[in-house]
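Per the numbering used here, residue 2 is the first one in the sequence shown, and the count goes up by one each step.
Even for Gly, the Cβ is constructed at its ideal location relative to N, Cα and C.
Bear in mind that the values here come from a model prediction, so they are computed numbers and not experimental data.
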Amino acid sequence: MEEAVRIAAPAAGTYTVRVTGYNVPSGPQNFALALTGAFQDVEPIDPDLSTVEANDDVMLRPDGLGDSTLTIKVTVRNGNGDPVSGIPAGDVEVDLVGTSLNGQSMRFCASGTNALHLVSQAATNGSGEAMFYVANAGGCADIAVTATVESMALTAGDVATVRSPDLNGSGSVNFQDTMLYAVLLNAGTGYCGNLNGGADGAVNFADTVKYVQALAAGASCP
Numbered sequence: 002m003e004e005a006v007r008i009a010a011p012a013a014g015t016y017t018v019r020v021t022g023y024n025v026p027s028g029p030q031n032f033a034l035a036l037t038g039a040f041q042d043v044e045p046i047d048p049d050l051s052t053v054e055a056n057d058d059v060m061l062r063p064d065g066l067g068d069s070t071l072t073i074k075v076t077v078r079n080g081n082g083d084p085v086s087g088i089p090a091g092d093v094e095v096d097l098v099g100t101s102l103n104g105q106s107m108r109f110c111a112s113g114t115n116a117l118h119l120v121s122q123a124a125t126n127g128s129g130e131a132m133f134y135v136a137n138a139g140g141c142a143d144i145a146v147t148a149t150v151e152s153m154a155l156t157a158g159d160v161a162t163v164r165s166p167d168l169n170g171s172g173s174v175n176f177q178d179t180m181l182y183a184v185l186l187n188a189g190t191g192y193c194g195n196l197n198g199g200a201d202g203a204v205n206f207a208d209t210v211k212y213v214q215a216l217a218a219g220a221s222c223p
C-alpha cells in the first residue's frame, strides 16, 4: 500500500511526520518513508560558541546625530564552531541595560528607559550574523548586552560604554546638561564630558564644540 501527502508552498520551519498503522494482521511490519523537497539540515545552536559583540566608546545623541552608532553583532554557531545561517527574522533577540556612570539617568529613546529590547529584522547571513543598531540615546553609561537565539540564552555577552551631550539622560540637551558639562569642563577631565573621544581623556574646547552643537540644535528624542 502506498500513501502520499503533498504540502503546497509550506512555510519554513520544522515538521513532524507520524506514521500509524491499524489492523495489521501479521504483527509489526516494516515501512519506508521517502521525502522530496527543499530541505535544510538542522544545525543545533551552541550557546557557548555563539558570540555577542558591541562596539565600545560611542558618542550618541538623542536625535541620532552623534559621532557613531552603537552596533551589536550576534554570531550564531553550531557545535562545530561553524556559522548557522538562515535563522529567521525575529528569532535573534538582544537586551541592553544601561548603568549610569555619572549618577544621572540613562535613556534609550526607543524605550524611554535605560533598558531596550531589540529583535532581528532579517535572517542570519552566510556568516551566521544578525546585526542591531542604536543611534538615539542620552546619558553616560555602561551598556550590558545579552542575546538569545530561538529563545536560547547565549553564554557570552558584552559591555559597551556610551556618552552623550544629554548628560542627565532626559532625552533632550538643555540648560540642565549645560550645568553638568560646565563642572566637567572646569575640572578638565571626566569620561562623560570627553565628547570628542580624545585619547587623553581631557575635557576641553574640542568637547565644548560638540556640546554646543547639540545644545544649539536642541537635540531631542524623536
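By how many angstroms is the C-alpha of residue j removed from the C-alpha of residue i?
{"i": "T190", "j": "D68", "result": "20 Å"}
{"i": "G65", "j": "G129", "result": "28 Å"}
{"i": "N197", "j": "N115", "result": "23 Å"}
{"i": "F206", "j": "A217", "result": "16 Å"}
{"i": "D83", "j": "N103", "result": "41 Å"}
{"i": "I144", "j": "G99", "result": "4 Å"}
{"i": "L97", "j": "R19", "result": "42 Å"}
{"i": "V163", "j": "T17", "result": "47 Å"}
{"i": "V120", "j": "G127", "result": "19 Å"}
{"i": "A154", "j": "H118", "result": "14 Å"}
{"i": "A55", "j": "F109", "result": "16 Å"}
If the criterion is Cβ atoms closer than 8 Å, does the pair residue i and residue j meet it?
{"i": "D178", "j": "D167", "result": "yes"}
{"i": "A138", "j": "V93", "result": "no"}
{"i": "A157", "j": "V53", "result": "yes"}
{"i": "A183", "j": "P63", "result": "no"}
{"i": "D47", "j": "N79", "result": "yes"}
{"i": "A90", "j": "Q122", "result": "yes"}
{"i": "G140", "j": "G170", "result": "yes"}
{"i": "V204", "j": "L186", "result": "yes"}
Determine the closest residue to residue i out of the options, with distance taken between C-alpha atoms.
{"i": "I88", "options": "N103, G170, T70, T149", "result": "T149"}
{"i": "A188", "options": "G202, L50, C110", "result": "G202"}
{"i": "A124", "options": "V6, L36, Q30, V75", "result": "V75"}
{"i": "G142", "options": "V20, S106, G80", "result": "Here residue 142 is Ala; the residue named in the question, Gly, does not match the sequence. Checking every option, the nearest Cα to that of A142 belongs to S106."}
{"i": "V77", "options": "P45, A35, Y212", "result": "P45"}
{"i": "G38", "options": "A10, L50, D47", "result": "A10"}
{"i": "G194", "options": "S165, Q214, R7", "result": "S165"}
{"i": "A33", "options": "N175, P223, V204, A5", "result": "A5"}
{"i": "T70", "options": "A136, Y192, N169, Y212", "result": "A136"}
{"i": "K211", "options": "G170, F133, V174", "result": "V174"}
Give the secondary structure of residue i by DSSP, where H, G and I count as helix, E and B as strand, and everything else as coil.
{"i": "L50", "result": "coil"}
{"i": "G139", "result": "strand"}
{"i": "T209", "result": "helix"}
{"i": "T179", "result": "helix"}
{"i": "G104", "result": "coil"}
{"i": "A123", "result": "coil"}
{"i": "G191", "result": "coil"}
{"i": "A218", "result": "helix"}
Is the CB of residue i under 8 Å away from at least one CB in chain D?
{"i": "I144", "result": "This model lacks chain D altogether; it includes just one protein chain."}
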